[in-house]
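Student:
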Amino acid sequence: MLVALSNTPRDYAWGSPTLLAELEGRVPTGAPEAEVWFGDHPGSPARVLDGSQRTLDEWLPAVDGAPERLPYLLKLLAAGSPLSIQVHPSKEQAVRGFADEEAAGVPRDAASRNYKDDNHKPEVIVALSETFTALAGLRDLDQTRRLVAGLGDAAGVTALRDRLAAAEPDAALRDAIGWALAEATAAEIEQIVEGAASASSPEFAAEAALVRHLREEYPGDAGIVVALLMNLVELRRGEAIFVPAGVLHAYVAGLGVEIMAASDNVLRGGLTPKHIDVPELLGLVDFHPAAAPRLAPRADGDGVELFAPGIADFALAHVATSAEASRVELRGVSIAVGVAGEAAVTGASGTSLRLAPGQAALATAEESPLVVSGGEVFVAMPGEGVATRR
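Position in the sequence shown (from 1) plus 5 gives the number in the numbering used here.
Put into structure tokens, the structure is as follows:
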């Protein structure tokens with residue numbers, strides 16, 4: 006079975022007023038458009054365009070051989086301003102945290118709720134704009150110490166520098182982030198931000214520019230200090246990062262296609278007016294410094310590359326713009342979204358749909374291989390092994 010899907014952009018405040026409209030070739034509405042969800046997540050299930058008026062979460066359980074719930078959620082994401090710094094739990098942490106909050110009677114829609122479900126939320130984002138800016142993971146500590154050494158000698162800077170001086174990198178970064186979010190005064194945070202915004206080091210010019218931008222968007226936010234400790238990543242079109250459990254990250258600007266495990270579990274670490282549970286956050290973050298978690302695709306047939314981080318929940322195939330037909334081998338129920346040109350997508354049953362940029366379709370497993378020609382398409386599917394179900 007091959008059916009078209011649609012959905013309405015979500016109007017989160019950080020969304021871009023132009024990026025999704027430009028992708029789809031339509032006039033912008035003037036409102037922020039942040040994400041379009043193609044999946045069965047109850048937060049914004051896609052609509053199935055088969056005349057039934059059903060959403061995908063209603064439609065999918067009636068399909069023979071399909072799972073009751075998809076293990077992944079596919080999105081188009083358009084960041085006009087920075088998203089919050091955040092981290093996602095592991096599966097084990099999510100199960101435990103969700104059960105604890107259920108037992109405590111915390112309403113699922115409470116602002117203080119940390120765990121909306123019992124699933125993990127690893128995610129991959131691939132840049133669709135010419136550049137996509139993100140923060141991902143904690144920078145090498147020696148580099149961070151060099152950055153902080155150039156911020157002056159105000160009391161806040163000195164306090165941060167002292168915490169980063171610990172011999173054990175993980176302990177130093179944990180102490181610094183915990184202090185910034187829970188103990189530092191507003192004056193100390195401003196001293197660090199001012200020092201970074203006015204810094205003149207060529208090595209960290211991009212970081213200084215980012216701090217100036219963040220200060221305009223989130224004045225006084227302690228998350229700006231957390232951002233100073235993170236890897237600043239600029240993806241080129243077609244490049245990706247993979248964010249597993251425990252990795253601090255924030256998307257700053259650009260358009261991308263994102264795939265994640267089907268979950269809504271987010272713990273925030275700054276750049277937000279929303280609830281920040283510092284002790285819970287510190288219990289989830291992987292404080293080990295490392296390079297930005299870039300994910301290179303592997304070839305998966307003629308004209309097809311596969312972003313596969315090695316988890317059961319999802320993989321993401323990419324078919325580049327071409328007049329030639331490319332075959333995408335599906336692993337279960339899959340969702341294709343067009344991002345350039347006008348692609349013809351044909352299943353094994355012979356059913357064919359055309360996908361303009363921003364349009365999507367669902368293919369059941371028996372439609373494999375899916376043949377794509379004439380446009381650029383991403384295809385979300387379960388990963389290798391048995392996918393996690395909620």
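Beta carbons are placed, not taken as given, at the ideal position from N, Cα and C, and that holds for glycine.
So for Gln-148, helix, strand or coil by DSSP?
Tutor: Gln-148: helix per DSSP, three-state reduction.
Student: For Ala-99, verify whether its CB is less than 7 Å away from any heavy atom of the ligand NAD.
Tutor: Ligands displayed in this structure: none; no statement on the ligand NAD is therefore possible.
Student: In three-state DSSP terms, what is Thr-190?
Tutor: The answer is coil: DSSP assigns Thr-190 none of H, G, I, E or B.
Student: Check whether the Cβ atoms of Phe-319 and Ala-368 lie closer than 8 Å to each other.
Tutor: Their beta carbons are not under 8 Å apart, which means Phe-319 does not touch Ala-368 by this criterion.
Student: Taking Cβ positions, are Pro-249 and Pro-127 nearer each other than 8 Å?
Tutor: It is a contact, given that the beta carbons lie within the stated cut-off.
Student: Do the CB positions of Val-262 and Val-384 come within less than 8 Å of each other?
Tutor: Not in contact: Val-262 and Val-384 (Cβ atoms no closer than 8 Å).
Student: Distance, Cα to Cα, Glu-97 vs Gly-157?
Tutor: Approximately 42 Å between the Cα atoms of the pair.
Student: Suppose you measure from the CA of Ala-301 to the CA of Gly-110; what does that come to, to the nearest Å?
Tutor: Each residue's Cα considered, the two are about 43 Å apart.
Student: Residues in its own chain within less than 7 Å of Gly-308 by CB, not counting five upstream and five downstream?
Tutor: Result list for Gly-308: Val-324, Ala-325, Ser-327, Glu-329, Ser-331, in chain order.
Student: For Glu-347, which three-state DSSP category applies?
Tutor: Correct three-state label for Glu-347: strand.
Student: State the DSSP-derived secondary structure class of Gly-200, mapped to helix, strand or coil.
Tutor: The answer is helix: DSSP assigns Gly-200 an H, G or I state.
Student: Spatial neighbours of Pro-33 within its chain, please: CB distance less than 6 Å, with the 5 preceding and 5 following residues excluded, ordered by chain position.
Tutor: Result list for Pro-33: Pro-22, Thr-23, Ala-26, in chain order.
Student: Is the distance from the Cβ of Arg-401 to the Cβ of Pro-387 below 8 Å?
Tutor: Coverage of the chain is limited to positions 6 through 395, which leaves residue 401 absent and any answer about it impossible.
Student: For Ala-181, collect the residues of the same chain with a Cβ closer than 7 Å to its Cβ; drop the 5 residues on either side in sequence, then sort them by chain order.
Tutor: Counting only Cβ-Cβ distances below 7 Å, and skipping sequence neighbours, we find Leu-165, Arg-168, Leu-169, Leu-234.
Student: Given this structure, state the Cα-to-Cα distance separating Ile-281 from Glu-347, to the nearest angstrom.
Tutor: Their backbone Cα atoms lie some 43 Å apart in a straight line.
Student: Taking all protein chains shown into account, decide if Thr-393 is buried (16 or more other Cβ within 10 angstroms of its Cβ) or exposed.
Tutor: Per-residue confidence for Thr-393 stands at a pLDDT of 38, beneath the threshold of 50, marking its modelled position as unreliable; the derived number appears in the next sentence. Result: buried.
Student: Report the residue from Ala-187, Phe-209, Arg-217 whose alpha carbon sits nearest the alpha carbon of Val-238.
Tutor: The shortest C-alpha separation from Val-238 is found at Phe-209.
Student: Report, in whole angstroms, the separation of the C-beta atoms of Leu-79 and Gly-44, which I expect to be a contact under 8 Å.
Tutor: With a Cβ gap of about 6 Å, Leu-79 and Gly-44 count as contacting.
Student: Are His-254 and Leu-75 touching if we call contact CB-CB under 8 Å?
Tutor: Contact: no.
Student: Can you say whether Val-391 is buried or exposed, counting buried as having 16 or more other CB atoms within 10 angstroms of its CB?
Tutor: Because Val-391 sits at a pLDDT of 45, beneath the cut-off of 50, its placement in the model cannot be relied upon, and the following sentence gives the value as read from the coordinates. Classification for Val-391: exposed.
Student: Which first and last residues belong to the beta strand (DSSP E) in which Leu-261 is found?
Tutor: A quick correction: the sequence has Gly, not Leu, at residue 261. It spans 254-266 - the beta strand (DSSP E) in which Gly-261 sits, taken as one unbroken run.
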